[in-house]
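Chains A and B supply the protein sequences, listed in that same order.
The first sequence begins at 612 in the working numbering and counts up one residue at a time.
The second sequence begins at 209 in the working numbering and counts up one residue at a time.
See below for the structure under consideration.
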Amino acid sequence: MKKNNPRFIITAFSIIIGILVAIQMKLKVESIAPVTVKSIQDTKNEINKLNNEILELQEIIKKREQELEILENISKGDQNIVDILQNDLKFNMASSGRTSLEGPGIKITMFDNMDSEIVGFDINDDVIHDVDILNILNDLRIAGAEAISINDQRVVSTSEIKCGGPIIRINGRSIGTPFVIKAIGDPKLLMASVNAPGTYGDTLRSVFSIGFEPEIQDKVVIPAYNGSFSFKYAKPVGEGE
Amino acid sequence: MFFALIGILIGAVIGFLLPYTYNTAYSLYISVAILACLDSVFGGIRANLEGNFNIPIFLSGFFGNAILAAFLAYIGDRLGVPLYYAAIFTFGGRLFDNFGAIRRIWLKKRKSI
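Set out below in structure tokens:
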């Protein structure tokens, strides 16, 4: 018995190992890959990517469903296709500047330095240049201006602003001082974009003493663009969605 | 040697018949612990063949190694360093060492008979 004692104990503990192995096998763990911080992060990134993709796809589905609804309404006869096309036309006219627009916004009056003594070495520092107007326009656009006009000339995508000596040329017409820039948008934001300290408009006024008077207006009327769009070189590519 | 194999087989049958399982999350620790236990049993067989088997040494080795191996795996998981490799290499290497010694003793015995 004493001689068999170690064998007995080893057998008993072998049984324990056997039980553990069997239970482990029952769990059917496919493989235990070493989990490192990097692999966890990689997996996280992948999950995030997939989630984003899912969100995007869901948005696309929503859009498509809306389009489908419109089309279904057309087939039902609830909404006339002519109405839809006309709405489309109105929207396109408005966004290309073919209709007069009104809304809250600001009106900026700009004129040359009227003082008898000039500021800089050069008289050029005291007059408004095309670049000044362009910078102001850009500031307004950054602030979310939806429609802009200068002296009742609508600024559209093809509008040029060209230096013509004491005047500037826009949409092929010459305009002189005072320049009246009107813009529709969030009035406070537009005002801040040209009037806040450090902006281009503020510099014009305080450094170059050029007349620069912005004012908020509840109702700004911006006329339609009355020139013509002609495409000589550009052609639409395919069918836009 | 053979009684250990028979013991493992009996244990496997019992394990398959038993309805108990543990959480899959612990499977890594248990598998490393199994390796440590196997090494202890092989060491026990070797000691038995060499004639210096000591029950306290065997018991402490069996449980101590298993717990240390599982603990290493756990700590490694927490730290993000695969520390259980240490257990796998150590016990795996010792397993083959023990098996080599057992083989030699066994073959010598057969020769002498």
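Quick reminder that beta carbons are idealized off the backbone N, C-alpha and C, glycines included.
It should be emphasised that the depicted structure is a prediction, and the values quoted were computed from it without experimental measurement.
It is roughly 11 angstroms from the alpha-carbon of SER707(A) to the alpha-carbon of GLU757(A). At a cut-off of 9 angstroms between beta carbons, ALA212(B) contacts chain A.
Contacts with chain B (Cβ-Cβ distance below 8 angstroms) from the segment 811 to 831 of chain A involve no residue at all.
Neighbourhood of GLY629(A) in chain B, by CB distance below 8 angstroms: GLY215, ILE216, LEU217, ILE218, GLY219, ALA220, VAL221, ILE222, GLY223, in chain order.
Interface annotation for the segment 261 to 274 of chain B against chain A: PHE261, ILE263, PHE266, PHE270, criterion Cβ-Cβ distance under 7 angstroms.
Rounded to the nearest angstrom, the gap between the Cα atoms of LEU276(B) and SER239(B) is 13 angstroms. Per DSSP, the beta bridge partners of SER760(A) are ARG765(A), LYS793(A).
With its beta carbon at least 9 angstroms from every one in chain A, TYR282(B) lies outside the interface.
Between ASP737(A) and the set THR788(A), THR769(A), GLN764(A), the nearest pair of CA atoms involves THR788(A). Proximity of ASP305(B) to chain A, defined by a Cβ-Cβ separation below 9 angstroms, is not satisfied.
Taken in chain order, the members of the segment 232 to 263 of chain B whose beta-carbon sits within less than 8 angstroms of a beta-carbon on chain A are THR232, SER235, LEU236, ILE238, SER239, ALA241, ILE242, CYS245, LEU246, SER248, VAL249, GLY252, ILE253, ALA255, ASN256, PHE261, ILE263. Interface residue (Cβ-Cβ distance to chain B less than 9 angstroms): LYS637(A) is classified as such. Close CB contacts of ALA309(B) within its chain, under the 7 angstroms cut and outside five residues either way in sequence, are with ARG254 (chain order). For a Cβ distance threshold of 7 angstroms, nothing in chain A lies close to GLY300(B): the least Cβ distance comes to about 15 angstroms.
In this structure, VAL805(A) sits near GLY812(A), with a CB-CB distance shorter than 9 angstroms. Interface flag for ASN656(A) against chain B is unset, since no Cβ pair is found closer than 9 angstroms.
The beta-bridge partner set that DSSP reports for GLU713(A) consists of VAL832(A). Not flagged as an interface residue toward chain B: VAL766(A), since no C-beta distance is shorter than 9 angstroms. The beta carbon of THR769(A) does not come within 9 angstroms of any beta carbon belonging to chain B, so the residue lies off that interface.
Around the beta carbon of ILE630(A), 16 or more other beta carbons lie within 10 angstroms, which makes this residue buried.
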